[in-house]
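Asker: Take this structure, written in structure tokens, and hold onto it; I'll ask about it next.
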Amino acid sequence: MGIFGDLFGKKQKPRPDFSNVQSGGSSTAPIPGVGPPETKAPSMAGRTYVVVSGDSLSKIAKREYGDAQKWPRIYEANRNIIKDPDLIYPGQELRIPEA
Amino acid sequence: MNMNQYARIVVGLPLAVALFACSPSKPGAQTGVKVTDIAVGRSVAADKTIAEKTESFGPADTFYLSVKTEGSGPSATLTARWTYEDGQVVDESRQNIAPTGSAAVTEFHLSKPDGWPAGGYKVEVLLDGASAGTRDFKVTSATS
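Residue numbers (my numbering), protein chains in the order written: chain E, 2 to 100; chain P, -3 to 140.
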């Protein structure tokens, strides 16, 4: 095909759409202004996690504890804001009890 | 003051000022926090470190990034900037942390419900806006 074939013959790869990408994160470090977590009472120990789109309790449990089956621990700690364990919403602040 | 002393001051003073002004500023010196390790993988452990390191993902995988920091400071911002091989920014997310001295680990994760396009990806970690390192990885249509 030659040079012109190489230049013009190939179809351009369509630009991928990343508009529905879902992101999140958490840290072992305290959040500025909140203070270190080491000052907590053992029974109420834990961190706060902000739910992002695509999250479920089992996904969060997998991430936080390494075991998706431990989701009831998060559910029990947040019964005041979670009515149905299958329904959590982006922006909800969940308390994550210590493993 | 003789001419010789005067000449030394005239030449030496601006030189000293110029040298001082050009001293490099230390990144992160304000907060005393530094990034010590960056890793990507398919899953993360309870301590936020990568449980399954890889540089090759499948389209349905979630990308996990784990950033270890050391030092303390009242506030530091970690940014994860994910880009595709064509230069397109896939996502940029930030976390503000206030490390208290011991090593801290911060994780970022990224998923795409309809699957990742195959190709090369890069994630750049920035600490207070300054690049702290990058990691390259790829997505292949056949999961490794």
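Positions of the beta carbon are idealized from the N, C-alpha and C atoms, including for glycine.
Looking at the unbroken alpha helix (DSSP H) that takes in E/Leu58, where does it start and where does it end?
Answerer: The residue given as residue 58 of chain E occupies position 57 in the first sequence. Taken as a continuous stretch (DSSP letters only), the alpha helix (DSSP H) holding E/Leu58 covers 58 to 66.
Asker: Measure the CB-CB distance between P/Gly111 and P/Lys134 and report whether it falls below 9 angstroms.
Answerer: One-based indexing of the second sequence puts residue 111 of chain P at position 115. One-based indexing of the second sequence puts residue 134 of chain P at position 138. No, these two residues do not count as a Cβ contact at 9 angstroms.
Asker: Using DSSP bridges, identify the partner residues of P/Lys64.
Answerer: Along the second sequence, read from residue 1 onward, the residue named residue 64 of chain P stands at position 68. Answer is P/Asp33, P/Val101.
Asker: Grab the span of the alpha helix (DSSP H) containing E/Trp72 for me, first residue to last.
Answerer: Taking the first residue of the first sequence as position 1, residue 72 of chain E is located at position 71. Element bounds for E/Trp72: 72 to 78.
Asker: Between P/Ser52 and chain E, is any beta-carbon pair separated by less than 9 angstroms?
Answerer: For the purposes of this step, residue 52 of chain P is taken as the residue at position 56 of the second sequence. Chain E, which has no Cβ nearer than 9 angstroms to the Cβ of P/Ser52, makes this no.
Asker: Using a Cβ-Cβ cut-off of 7 angstroms (strictly less than) and excluding sequence neighbours within five positions of P/Lys44, which residues of its own chain qualify?
Answerer: Within the second sequence, numbered from 1, the residue matching residue 44 of chain P stands at position 48. Same-chain partners within the cutoff: Ser62, Val101, Thr102, Glu103.
Asker: Using beta-carbon positions only, say whether P/Ile46 and P/Ser52 come within less than 9 angstroms of one another.
Answerer: On the second sequence, position 50 is the one that residue 46 of chain P refers to. On the second sequence, position 56 is the one that residue 52 of chain P refers to. No. Outside cutoff.
Asker: Figure out for me which residue from E/Thr49, E/Lys63, E/Pro17 has the closest Cα to the Cα of E/Arg78.
Answerer: Translated into positions along the first sequence, residue 78 of chain E becomes position 77. Checking the sequence, you will find Ala at residue 78 of chain E rather than Arg. Scanning E/Thr49, E/Lys63, E/Pro17 for the CA closest to the CA of E/Ala78 turns up E/Thr49.
Asker: Straight-line CA distance for P/Glu120 to P/Tyr80?
Answerer: Here residue 120 of chain P refers to the residue found at position 124 when the second sequence is read from its first residue. Here residue 80 of chain P refers to the residue found at position 84 when the second sequence is read from its first residue. Roughly 12 angstroms between the two C-alpha positions.
Asker: Is the Cβ-Cβ distance between E/Ser28 and P/Ser89 less than 9 angstroms?
Answerer: Against the first sequence, residue 28 of chain E aligns to sequence position 27. Against the second sequence, residue 89 of chain P aligns to sequence position 93. Against a cut-off of 9 angstroms, the Cβ pair of P/Ser89 and E/Ser28 comes out as no contact.
Asker: For a test of the three-state rule: what should DSSP assign to P/Ala42, helix, strand or coil?
Answerer: The residue given as residue 42 of chain P occupies position 46 in the second sequence. DSSP, reduced to helix, strand and coil, places P/Ala42 outside both helices and strands of the structure shown, so it counts as coil.
Asker: So which residues of chain E does P/Thr102 contact, with C-beta pairs closer than 9 angstroms?
Answerer: Within the second sequence, the letter at position 106 stands for residue 102 of chain P. In chain order: Gly26, Ser27, Ser28, Thr29, Ala30.
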